[in-house]
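Visitor: I am attaching a structure below and will ask some questions about it afterwards.
2 protein chains.
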Amino acid sequence: MNKIVGKKPEHETIYVQIKEMVLFGEVVPGQPLTIHGLAEKIGAGVTPVREAIRRLTAEGGLATLENRRVVVPTMTMHWLEQIELVRLTVEPELAVMGAEKCSLGKVLELERLDALIDEAIRKGDIRGYLEANYRFHFTIYDAADALILRRITESLWVRIGPSLRVVCGRFGTTNLTDQHREATKGLRDGDVGKVKQALQEDIRQGMEFIRQTIEN
Amino acid sequence: MNKIVGKKPEHETIYVQIKEMVLFGEVVPGQPLTIHGLAEKIGAGVTPVREAIRRLTAEGGLATLENRRVVVPTMTMHWLEQIELVRLTVEPELAVMGAEKCSLGKVLELERLDALIDEAIRKGDIRGYLEANYRFHFTIYDAADALILRRITESLWVRIGPSLRVVCGRFGTTNLTDQHREATKGLRDGDVGKVKQALQEDIRQGMEFIRQTIEN
DNA sequence: TACCAATTAATTTGATCAAATTATTTAGCT
DNA sequence: AGCTAAATAATTTGATCAAATTAATTGGTA
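So the protein lines, in turn, are chains D and X.
Residue 208 in the working numbering sits at position 208 of the first sequence, with consecutive numbering throughout.
Residue 1066 in the working numbering sits at position 66 of the second sequence, with consecutive numbering throughout.
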């Protein structure tokens, strides 16, 4: 325990690392994860990795089989419907709340992220796209300052992360039209309704893409 | 490790135990919990208790302060609004799905639970009321067989559990009118709309009670 | 070759311990 | 007395290890 000046506990940072692995498609649906493998890959002890896995499991990003094996869950049609229901309820609400509190600085940051998204799409950079897309959405949601809705939303995103990776692998990134331009425009003009509508459409499109990779 | 024939891992059962402590009001909002204290009280090792705490923290039932202290969060108005929004969206939906799949056996079980609720109210048995009320709702929700909605709902219930205890302590259990009779009637008659409406009203009432204990 | 039992390897699980961090108490000073 | 600083106690944190469980492999038999 030779940590000189570490502020946050290790299981916290490890949790974030593993979460981002799931969120940004570094792990594939169905892929089994060993606790030692993760510890070795990250370069950490086994104990904090276990705690992080429990947390992610609670949020749905991972699942423990009855054999105690830890895997990345594979999306089902049934799940997708439930996720869409809640996303369409919570995220537009978060967007409205966020839009009302959004500073100009935030808007500029969002436009920068939107540019990053476009660039990633052009380059076919899947990981870059997934990450920038995530940051875009949650920059708005964070502005809403609604912890519980934010937590719920995040738990839904970790569930769809691996599937989005599959979507990109199947269709490529070029087919992705984004509603983000509309959203940022709405934010600039103070047109909250437009923001809400853009987000709704964005969610519907994303869910539809995933749906197509399931019912193959 | 002298477990003869234990099926589930220990952190799993400990998680359930602590969750029920939160759910049924055995811990008070603001109350700090030490990891050793819990381990001792439950009669378990420290490691599985830690894992259980991480899980409950991820679900919102507990919270870790910046000092790493673990506490039962105290409800705020802001949180209550968010919880109500999601509950009113998800739980009636779960009720509808559950009602459609509800066997007669389930209906009988629900009527039994409803009787338990009445009895607990008469006796002023707070813990009994909270537990029976929980079982009643989640018996319906479980019938819906919608894992994700169920998980979200459960995470909201662990957030309001401690507050409900406060509600009962303040107002007693006698003031609690229940919508459960209406719900079971609807289930028997196959009147899904009635079930949905009863649940909505039940949720609104519960949230209103909690609201009154906050804005004192 | 195909199939099944037995052995071996890999992994999870939970206890224990030292180090680090935080909370509490005591002592000293004005 | 009142307040600050040092010392003590309590708690968390992460590594390590033995036991248990599960997966993989080997060997034997029909």
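Note that CB positions come from ideal geometry on N, CA and C, so glycine has one too.
I'd like to know whether the C-beta of Gly1128(X) is nearer than 9 Å to at least one C-beta of chain D.
Guide: Sequence index remark: in the second sequence, residue 1128(X) carries index 128 (1-based). No, its Cβ sits nowhere closer than 9 Å to a Cβ of chain D.
Visitor: By DSSP, does Pro977(X) sit in helix, in strand, or in coil?
Guide: This structure cannot speak to residue 977(X), because chain X is shown only from 1001 to 1216.
Visitor: Taking only three categories from DSSP, how would you classify Val1072(X)?
Guide: Here residue 1072(X) is taken as the residue at index 72 of the second sequence, counted from 1. The answer is coil: DSSP assigns Val1072(X) none of H, G, I, E or B.
Visitor: Report all residues from its chain with a CB closer than 7 Å to the CB of Pro162(D); omit the five preceding and five following residues, and keep chain order.
Guide: Here residue 162(D) is taken as the residue at index 162 of the first sequence, counted from 1. Correct list, in chain order: Val22, Gly25, Val27, Val28, Pro29 and Val72.
Visitor: Indicate whether Met77(D) and Ile160(D) have their beta-carbon atoms separated by less than 9 Å.
Guide: Within the first sequence, residue 77(D) is the residue found at index 77, counting from 1. Within the first sequence, residue 160(D) is the residue found at index 160, counting from 1. Not closer than 9 Å, so no.
Visitor: Alpha carbon to alpha carbon, what distance is there between Leu116(D) and Gly60(D)?
Guide: For the purposes of this step, residue 60(D) is taken as the residue at position 60 of the first sequence. For the purposes of this step, residue 116(D) is taken as the residue at position 116 of the first sequence. So the alpha carbons of these two residues sit roughly 28 Å apart.
Visitor: With 9 Å as the threshold, decide whether the Cβ of Gln82(D) is near any Cβ in chain X.
Guide: Taking the first sequence and counting its residues from 1, the one referred to as residue 82(D) is at position 82. Yes, because at least one Cβ of chain X sits closer than 9 Å to the Cβ of Gln82(D).
Visitor: Determine the extent of the alpha helix (DSSP H) in which Pro1172(X) is found, giving its start and end residues.
Guide: On the second sequence, residue 1172(X) is found 172 positions in, with the first residue counted as 1. Before going further, note that residue 1172(X) is Gly rather than Pro in the sequence given. Gly1172(X) -> no alpha helix (DSSP H), and no H or E assigned at all.
Visitor: Could you check if Phe1136(X) is buried or exposed, using at least 16 other CB atoms within 10 Å of its CB as the buried criterion?
Guide: For this step, residue 1136(X) is matched to residue 136 along the second sequence. Buried, by the Cβ-count rule.
Visitor: If you measure between the beta carbons of Ala1095(X) and Ile1140(X), is that distance less than 9 Å?
Guide: Start at 1 with the first residue of the second sequence, and residue 1095(X) comes out as number 95. Start at 1 with the first residue of the second sequence, and residue 1140(X) comes out as number 140. Yes, the pair counts as a contact, with Cβ atoms nearer than the cut-off.
Visitor: What does Thr226(D) touch in chain X if you count any residue whose Cβ is under 9 Å from its own?
Guide: This structure does not reach residue 226(D), given that chain D is present from 1 up to 216, and the question cannot be answered.
Visitor: Could you pull out every residue in the same chain whose Cβ sits closer than 6 Å to the Cβ of Asn2(D), ignoring the five residues on either side in sequence?
Guide: As a position in the first sequence, residue 2(D) is number 2, starting the count at 1. Confidence at Asn2(D) is low in this model, with a pLDDT of 30, below 50, so its placement is unreliable and no value can be given for it.
Visitor: Using the rule of at least 16 other Cβ atoms within 10 Å of the residue's Cβ for burial, across every protein chain shown, is Thr1034(X) buried or exposed?
Guide: Here residue 1034(X) refers to the residue found at position 34 of the second sequence. By the 10 Å Cβ count, Thr1034(X) comes out exposed.
Visitor: With DSSP as the reference, label Leu62(D) as helix, strand or coil.
Guide: On the first sequence, position 62 is the one that residue 62(D) refers to. Here Leu62(D) sits in coil by DSSP.
Visitor: Taking C-beta pairs closer than 8 Å, name the residues in chain D that Glu1093(X) reaches, listed in chain order.
Guide: By 1-based counting over the second sequence, the position of residue 1093(X) is 93. Per Cβ cutoff of 8 Å: Leu85.
Visitor: Are the C-beta of Arg1204(X) and some C-beta of chain D separated by less than 9 Å?
Guide: The sequence position of residue 1204(X) within the second sequence is 204, counting from 1. Not an interface residue.
Visitor: Measuring CA to CA, which of Leu1164(X), Glu1208(X) and Leu1110(X) is closest to Arg1181(X)?
Guide: Residue 1181(X) sits at position 181 when you count from the first residue of the second sequence. Residue Leu1110(X) is the option with its Cα nearest to Arg1181(X).
Visitor: Answer yes or no: do Arg1054(X) and Ala52(D) have a C-beta to C-beta separation smaller than 9 Å?
Guide: Within the second sequence, the letter at position 54 stands for residue 1054(X). Within the first sequence, the letter at position 52 stands for residue 52(D). Cβ atoms of Arg1054(X) and Ala52(D): closer than 9 Å.
Visitor: Could you check what DSSP says for Val5(D) in three-state terms: helix, strand or coil?
Guide: Residue 5(D) sits at position 5 when you count from the first residue of the first sequence. Unreliable placement is indicated for Val5(D), whose pLDDT of 39 sits below 50; no coordinate value is reported for it.
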